[in-house]
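Everything below concerns the one structure shown next.
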Amino acid sequence: MASILKTTNLKKYYGSGDTIVKALDGVDLSVEDGEFAAIVGTSGSGKSTLLHMIGGLDRPTAGDVEVDGKKIFTLKDDALTIFRRRKIGFVFQNYNLVPVLNVYENIVLPVELDGNSVDKAHIEGIIKTLGLSEKVSRLPNQLSGGQQQRVAIARALAAKPAIILADEPTGNLDSRTSLDVLGLLKVTGEKFKQTIIMITHNEEIAQMADRIIRIEDGRIAGGSAEAGKNADSRYADERIAAGTAAKSGFAGGKPESGRIAGDRRV
Ligand SMILES: Nc1ncnc2c1ncn2[C@@H]1O[C@H](COP(=O)(O)OP(=O)(O)O)[C@@H](O)[C@H]1O
Ligand SMILES: [Mg+2]
């Protein structure tokens, strides 16, 4: 399979001198087309910064991001905005729906902003898969948190982006709803052959991904940065470690799992 995303020696430093913060400090990461990857790590480890760089929301201090074979930071700001709208679907913790637009209008908004005609069959398929058919005329404030996040997922999928980036998508949901929403995200991703990169504090949620990438102090920890089959055994090890931690209520797991558990917002 081809890699849809590649970062090379990606760095993002904030500030300078004594107060410099190395939010990302040399990240080499490759994600395959159609893969569902989870990024985990303690608070402040650089997860959101990494997602922002991948999505072209901010420019790095050094290094490259290639999406679909294109080095995105060679683009000027206007072109980068267009790249983002066409190639990236974002899902945030706070849903970011437009309150005065109904569910359907929210979902098709990015497609319309890009001046494209709406692929009605595609949108219909997404709405159905996410169980939103009965809700299309509702306003966001008439929906539960889980329903609102399903709308945000539908909106992210609408323009058929190359990659969906989700930053703590279940951060505001209770644990049962989190699993339901993530199950739907996974199913939708598979059905529409979508690459998904998701940040989470929740080990149970992370386990639903094809691969878990750990970030520590702005670097990939544990050498799981390569996509592909050759790394299967490493992922298996990580899964077993994480799974054991989950079963034991995160007590006695790897210290890093414990910290993730302590931070998790479910
Ligand atoms: N705009 C910014 N200005 C200064 N420091 C920042 C900024 N954004 C993030 N940081 C710092 O970079 C580090 C990584 O942050 P972040 O990527 O948000 O971590 P995470 O999402 O893993 O919690 C933290 O130390 C954070 O304080
Ligand atoms: Mg974050």
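Sequential numbering of the sequence shown, starting at 77, is according to my numbering.
Idealized CB from N, CA, C, for every residue including glycine.
Computed from a predicted structure; not experimentally measured.
Between the C-alpha atoms of G207 and A138 there is a straight-line separation of about 42 Å.
In this structure, the beta-carbon distance from V141 to I158 does not fall below 7 Å. For T246, the shortest C-beta to heavy atom distance toward ligand 1 is 6 Å or greater. When DSSP reads this structure, T253 sits in no beta bridge, so it has no partner. Of the candidates V116, G120 and A78, G120 places its Cα closest to the Cα of Y90. In this structure, K123 has its beta carbon less than 6 Å from a heavy atom of ligand 2.
For K196, the enclosing alpha helix (DSSP H) begins and ends at K196 to T205.
Within the same chain, Cβ atoms closer than 8 Å to the Cβ of L189 are found at R161, the five residues on either side in sequence being excluded. Judged by their CB atoms, Q224 and L173 are nearer to each other than the 7 Å cut-off. For R162, the enclosing alpha helix (DSSP H) has its first and last residue at D153 to K163. Annotation: the continuous beta strand (DSSP E) that includes T84 extends over S79 to Y90.
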